[in-house]
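Residue numbers (full-length UniProt numbering), protein chains in the order written: chain A, 1 to 337; chain B, 1 to 337; chain C, 1 to 337; chain D, 1 to 337. Encoded as structure tokens, the structure appears first; notes follow it.
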């Protein structure tokens with residue numbers, strides 16, 4: 001049994017993680033932490049998330065002494081802000097913990113990336129170099145050996161799971177950048193009071209045109225330029241990505257199907273991708289589940305792929321849990337289905 | 001032409017008022033004001049409410065000198081917080097303006113009411129005594145003669161329009177308090193960033209059990225005890241009230257129909273109530289409109305009434321406009337249909 | 001291991017049942033059936049309910065030979081229309097199956113009830129007499145011994161779980177009927193194409209005033225007259241009931257709390273009710289879960305209770321599973337949390 | 001005063017048209033028609049659309065004798081199915097009526113188009129040749145002179161209003177097809193009971209990949225190949241289109257702004273497009289209004305435009321009214337703002 005702590009447990013992702021850890025047969029949920037000065041410290045997690053009442057009633061503890069917390073933990077889940085993860089991860093790592101970071105702090109090994117897209121200078125380049133990128137279906141070997149796993153976020157997960165088989169097999173025309181349009185539920189913005197998240201202000205729209213930090217993350221890990229346009233939708237959870245791309249000369253629909261099936265038609269235990277063939281992904285089919293649904297159609301030189309995930313699960317918490325399972329030799333979807 | 005200013009113009013009600021005043025043939029929208037230190041001062045109203053672009057692009061002005069503002073205004077609409085209305089109304093009144101207050105500051109003439117339910121001591125009892133309660137369908141004589149009109153809010157409007165004909169005609173069993181359950185859209189809480197209004201936190205529920213300030217307002221103006229339970233719904237606009245009451249001995253369904261039709265079956269110009277007979281009120285039929293829909297059914301000694309309004313219109317802005325129209329001798333639904 | 005078949009598996013409740021049976025350690029999902037002439041026969045269940053892909057891909061079978069189906073089944077779940085359950089239950093019962101009927105066909109043992117509220121004459125009074133009413137928290141002794149369990153539906157479950165402790169302890173003033181207002185998600189109407197369920201036509205409103213068949217079911221099993229007003233809400237799943245009642249003379253808030261805690265403060269394994277004290281139930285806290293949340297407040301002679309459930313789970317499928325667990329000596333929330 | 005009749009008045013577009021005609025100072029709403037065998041014949045329109053109660057209570061008449069109806073009408077609005085418009089338009093045209101057809105029956109003058117995309121052979125090629133395409137901001141000269149105006153639908157209106165200035169000015173790289181992703185509210189599918197429109201089945205998803213009939217309509221009228229992917233959204237009204245394109249070599253952001261402003265920065269009376277500059281269009285800003293909001297941003301060789309309309313208004317009814325106003329010399333937004 002592995003002692004597991006969640007740092008930043010008060011948010012939506014933290015709540016999902018706490019549920020999963022609770023029902024995992026090989027993990028013990030040994031501590032829920034919030035920042036030392038949080039007003040939520042001392043409250044049961046179920047006070048903030050009523051659906052957890054009777055399921056996870058553990059109190060939120062103030063993270064006052066990281067070393068002591070680290071000493072008692074085997075596995076640490078960081079559901080914290082990017083800067084916070086950047087600052088505290090190494091203490092847990094130095095104590096020997098496995099660290100699964102759900103922030104962006106260790107995802108991209110590229111000069112100036114953090115300065116440009118996150119507004120801070122990265123101080124831990126050695127850990128950045130050694131972090132495994134936790135796209136579970138693609139990096140299981142690296143995940144199995146790493147001490148630090150940088151779990152990708154919601155938009156990059158949906159986008160990469162759909163595009164990566166095509167890019168790896170070199171089926172796309174590299175002259176024309178794939179266009180990724182994605183719509184996310186409001187929970188993607190986190191649990192906080194802002195005008196943007198205010199119920200009456202939420203109205204379907206695009207944002208972050210050409211400038212969203214997930215665009216370089218997707219391009220970096222795909223090794224392929226893309227145009228990525230995120231949208232805010234009028235729903236709580238889920239992401240739907242619609243991806244339009246031009247195929248390389250001579251590539252057929254059958255070629256596309258072959259590489260997608262080769263990537264994802266394994267036994268269900270080994271991954272969380274469901275292939276829909278020429279059907280399109282439906283948001284509600286994945287909300288509340290750990291799966292990424294992918295559909296596709298080809299006409300002439302063009303392909304359209306649709307991919308849907310629950311942004312808080314496959315886009316955050318359940319993907320972190322897949323990584324824990326891979327890292328520790330458990331069946332990959334343990335505690336997830 | 002009457003110069004009309006809106007104080008507190010940046011909120012949802014302010015936006016609706018500005019549209020109505022703009023299209024009113026006898027009114028000039030001569031100023032939109034926010035508090036002197038508001039960060040919104042200087043912005044066009046349509047920057048905050050995109051749907052007004054090209055319709056009301058006037059800038060929001062800081063209310064720095066009330067007397068000067070008052071001197072140039074014939075009509076003042078206060079879409080301000082209760083305390084603010086309480087504090088500034090008299091300056092406008094002293095300058096001779098007609099004041100239509102959409103806050104609760106002048107609605108209830110009862111000792112201790114403001115201390116108990118609004119948390120401040122009322123300083124202007126003479127104006128409180130002279131204010132007309134702006135329930136347009138019932139108080140037109142008083143409205144026509146008053147300088148200060150206290151426009152009732154959303155829950156009290158729906159509740160009273162349904163119950164008042166029955167109470168006035170003494171059709172209810174006074175031993176058993178009518179039970180009013182009402183569900184309001186989130187816009188009723190105003191335009192601001194709070195956890196309660198946060199998109200992901202909104203979840204249908206009851207609040208303010210036994211303690212909501214609209215309960216004594218309803219009871220006071222109906223002259224009838226009631227049990228009022230407000231609910232927050234997962235929608236932006238509208239209120240649906242379902243009212244269950246016991247009829248006085250011997251009262252029949254026909255008696256009920258007779259008093260409701262007597263109250264509201266006038267020519268459409270004279271009021272904004274639509275009677276549905278034994279159909280039930282539907283929220284979406286009134287959202288975006290100035291109407292209150294009322295349906296009812298009787299079985300044995302019991303009656304159930306349903307009443308629906310748009311909380312920002314008949315529950316605020318359009319009712320204020322009805323009051324302006326009544327006060328100034330215009331056709332009652334001018335600028336509203 | 002018990003062979004379990006679901007009749008009427010294509011609907012929303014059938015889909016939920018199939019998921020639960022699949023993950024139940026002591027049950028085998030041995031057959032999913034639809035009516036013999038259904039166009040869905042032959043399709044995998046996951047074709048109709050995409051979220052089940054990879055989880056329940058069994059085909060829907062036409063129910064052509066009930067006796068053969070019965071012979072191979074230990075447990076039968078009827079998620080069928082009332083008339084269908086009425087007609088086919090006995091064949092399964094005669095074959096010795098345990099039958100859990102989610103329709104209304106065996107819920108109320110009262111003369112003329114089926115003629116008046118369901119429009120058919122009941123032909124199986126002996127089974128009606130012997131059926132246990134599957135309100136899991138209250139009838140476990142009867143459920144444990146019955147061969148036929150009539151699982152209560154959504155509105156009656158929420159209403160009775162809140163009111164029954166008070167009625168049993170005789171805390172209510174019987175002269176004044178409790179007023180139950182409840183709002184249900186659209187899934188309560190089943191999976192079918194109707195104008196009423198059409199996305200653009202759904203608009204919060206009350207329906208079935210004084211005439212809904214759940215009113216007599218609630219009154220019968222509570223042994224207490226009630227006024228029940230159902231509403232259709234603009235959401236897919238969940239029910240929120242708000243109940244207003246008058247207390248018997250001398251009853252205090254502490255008395256109320258005592259009887260509710262006595263009824264439901266057991267170890268969590270024994271039931272699916274969560275007490276919220278003076279907080280109010282929130283719809284989203286129970287959607288997707290097997291729990292009924294109950295809150296309450298007392299003022300003077302009046303009490304307001306709020307109760308929330310997922311209409312498809314505690315209001316249908318998970319309550320049926322609780323009954324299966326009780327009947328077969330499994331831990332009560334097996335496969336549910 | 002012009003006698004105006006609406007054929008197919010019972011649907012969502014018909015309801016909007018009836019409201020507009022009612023409040024138009026130069027039009028008389030002289031008849032609302034449904035098909036001869038419609039079950040709705042005889043009912044007041046407000047029975048089907050409760051929000052019209054007290055506003056349009058005219059009865060729906062069965063269209064039994066088209067010639068007689070035509071003889072009494074100056075203006076005919078066809079809110080009918082494509083085939084029906086195709087079949088009945090000529091009778092109204094022969095009688096000398098102005099016909100504004102909101103269906104697709106006369107929009108595209110291209111061989112085989114109707115056979116391929118609408119499934120019928122077009123029988124009225126002379127009228128097809130003479131019909132004006134009612135994209136109000138672009139075809140006012142043609143509209144002014146035509147007897148038959150084919151009003152474009154929802155997706156083509158949003159898409160063309162955004163792209164047409166760029167195509168006309170030849171600012172796009174023609175080698176790379178613009179990618180149009182659009183999300184529509186459910187009302188776009190019309191007022192009918194289908195599983196697809198059923199409240200619980202609606203789930204954000206793409207449909208009609210590569211095959212939607214609006215793709216060739218957009219390409220034809222833009223004279224530019226496009227990839228168009230429609231989506232169904234979880235809301236009642238509105239369309240948001242996000243368009244990604246590659247600019248021709250050397251084209252700058254200033255060039256783009258110049259052509260958009262040249263197209264649409266006129267006095268507000270002349271059109272219904274609002275330019276947002278580098279802001280993005282927000283769905284709720286246009287729902288309930290006649291406007292199309294357009295925003296855009298350029299980075300390097302790429303441009304992203306966002307366009308939002310109310311699918312029932314600028315995408316149907318209000319655009320038809322703009323056409324009526326243009327055709328008859330009225331101010332273009334009469335009855336619309």
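We put the beta carbon where it would ideally sit given N, CA and C, even for glycine.
By the criterion of at least three beta-carbon pairs nearer than 8 Å, the region 315-325 of chain A is not in contact with the region 285-293 of chain B.
In the three-state scheme derived from DSSP, where H, G and I count as helix and E and B as strand, residue 2 of chain C is classed as strand. Annotation: the region 139-216 of chain D contains the following complete segments of the alpha helix (DSSP H) (minimum length 4 residues), in chain order: 140-145 and 154-168. Annotation: residue 229 of chain C to residue 301 of chain C spans about 22 Å, alpha carbon to alpha carbon.
Unbroken beta strand (DSSP E) stretches of 3 residues or longer found wholly inside the region 2-55 of chain C: 2-7 and 27-35, given in chain order. Secondary structure of residue 115 of chain B (DSSP, three-state): helix. In chain A, no part has a C-beta under 8 Å from the C-beta of residue 119 of chain C; the shortest such distance is about 34 Å. With 16 or more other CB atoms across the displayed protein chains lying within 10 angstroms of its CB, residue 92 of chain B is buried.
At a C-beta separation below 9 Å, residue 53 of chain C has these neighbours in chain A: 274, 276, 285, 291 and 293. The Cβ neighbour count for residue 50 of chain D, taken over all protein chains shown within 10 Å, is at least 16; the residue is labelled buried. Ranked by Cα distance from residue 156 of chain C, the first of C:250, C:333, C:240 and C:78 is C:240. Between the region 183-193 of chain A and the region 121-140 of chain A, the count of Cβ pairs shorter than 8 Å is below three; the stretches do not touch. Residue 293 of chain C carries a strand assignment under DSSP once its states are collapsed to helix, strand and coil. Contact between residue 200 of chain A and residue 114 of chain B fails: their C-beta atoms lie close to 28 Å from each other, not under 8 Å. The beta carbon of residue 271 of chain D sits closer than 6 Å to those of 137, all from its chain and outside the five residues before and after it, given in chain order. Using a CB distance below 9 Å, the part of the UniProt domain "Semialdehyde dehydrogenase NAD-binding" (3-146) of chain C facing chain D consists of 12 and 50, ordered along the chain. For residue 78 of chain C, the enclosing beta strand (DSSP E) has its first and last residue at 75-78. Under DSSP, residue 101 of chain C forms a beta bridge with C:78 and C:150. If you draw a straight line from the Cα of residue 237 of chain B to the Cα of residue 202 of chain A, it is about 13 Å long. Under the Cβ distance rule, residue 297 of chain A counts among the residues neighbouring chain D, one pair being separated by less than 8 Å. Within the DSSP secondary-structure output, residue 240 of chain C pairs in a beta bridge with C:183 and C:308. The C-beta separation of residue 110 of chain B from residue 132 of chain B comes to about 16 Å, leaving the pair out of contact by the 8 Å criterion.
With a cutoff of 8 Å on beta-carbon distance, residue 165 of chain D and residue 276 of chain D are scored as not near each other. Within the model, the alpha-carbon separation for residue 43 of chain A versus residue 89 of chain A is close to 25 Å. In the displayed model, residue 69 of chain A falls within a helix according to three-state DSSP. Residue 197 of chain D reaches chain C at 193, 198, 199 and 200, counting residues in chain order whose Cβ is nearer than 8 Å. Contacts with chain C at 8 Å (Cβ-Cβ) do not include residue 258 of chain B.
Residue B:217 holds the alpha-carbon nearest to the alpha-carbon of residue 117 of chain B among B:314, B:217 and B:252.
Here residue 295 of chain D really is in contact with residue 306 of chain D; their C-beta atoms are around 5 Å apart, less than 8 Å. The beta-carbon of residue 184 of chain A is placed no less than 8 Å from the nearest beta-carbon of chain D.
Within chain B, the residues placing a beta-carbon under 8 Å from that of residue 236 of chain A are 199 and 200, ordered along the chain. DSSP lists D:35 as the beta-bridge partner residues of residue 63 of chain D. With a threshold of 8 Å between beta carbons, residue 326 of chain B makes no contact with chain C.
Counting of Cβ neighbours within 10 angstroms places residue 96 of chain C among the exposed residues, the total staying below 16. Look at residue 215 of chain B: its C-beta is not under 8 Å from any C-beta on chain C.
Between residue 222 of chain C and the set C:266, C:26 and C:169, the nearest pair of CA atoms involves C:169.
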